[in-house]
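Residue numbers (our numbering): 772 to 1039.
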């Protein structure tokens, strides 16, 4: 239940720890915690089985209805803290927050933890560095019911609060794994998963020419650099989305969505 005393000082040790967790990936790893901001994101995470450790709620922002719902859902938590609006706005990651913030233990998976169907659909991202792009791709994966999102050699913390926010909590609904390029390629080969590198090369063929009804992994690079030559050449096929205008590429999250839903269309 909410604590009787309101936290009104940003110098409170718990608030200072929240700020460290917000700002420092190393701190999140050391404490094995991440921050989930927002009632919707928290609800999705809880439904996905994420272990919530503590709640920080601003009654003024959350409102009575949301407070009652939170008490019903999380009333048995050992830690629940009410905070003033000024303090909450200091720790909130986004403007216009709804007054709900949680500390949670993020799921940690490896490739061997993934339970795949006979014809899996996987999204592979190499060296992703923008939490916003990761979040958008996770939303696509959730909507398309992809079986996993696999990050090769990530440059960002998968459970960065901004990635959680931009995914609207879908990072908890889609199995997400960080691994290396070598481990990914060996794992796909062992399971007969065909890898399709999205890259602008002379030998790339339009994605509409391929059959994605079998075990499929779309392999996407960064917007700045694309795929590394090592990963691109190791994939089974290289595909492109034909472009009819002046530009030659799309935002990586948009390109991923186009390819993913083409696979869904074929499979349906």
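Even glycine gets a Cβ: it sits at the ideal position worked out from N, Cα and C.
Short of 7 Å from the beta carbon of residue 791, and not among the five residues preceding or following it, lie these beta carbons of its own chain, in chain order: 798. In its chain, beyond the 5 residues on either side, 894, 908, 911, 989 and 991 have a beta carbon closer than 7 Å to the beta carbon of residue 1027. Less than 8 Å divides the Cβ of residue 923 from the Cβ of residue 952.
The beta carbon of residue 974 is closer than 7 Å to those of 1009 in its chain, skipping five residues each way along the sequence. Only residues of its own chain outside the window of five on either side were considered, and among them 812, 815 and 816 have a CB closer than 6 Å to the CB of residue 940, listed in chain order. By the Cβ neighbour-count rule, residue 1004 is exposed, with fewer than 16 other Cβ atoms within 10 Å of its own. Fewer than three beta-carbon pairs drawn from the segment 857-872 and the segment 888-902 are found closer than 8 Å, and the two stretches are therefore not classed as touching. The criterion of a C-beta distance shorter than 8 Å is satisfied by residue 904 and residue 1024. Looking at 841, 1036, 829 and 956, the one whose alpha-carbon comes closest to that of residue 778 is 829. With fewer than 16 other CB atoms across the displayed protein chains lying within 10 angstroms of its CB, residue 996 is exposed. Ranked by Cα distance from residue 852, the first of 883, 824 and 793 is 824. In the structure shown, residue 983 falls within a coil segment according to DSSP collapsed to helix, strand and coil. By alpha-carbon distance to residue 920, the top candidate from 885, 931 and 784 is 885. Boundaries around residue 806 are those of the beta strand (DSSP E), 805-808, since no alpha helix (DSSP H) includes it. Remark: C-beta atoms of residue 999 and residue 900 do not approach each other more closely than 8 Å.
Residue ranges of uninterrupted alpha helix (DSSP H) with 4 or more members, entirely inside the segment 811-862 and ordered along the chain, are 830-845 and 856-862.
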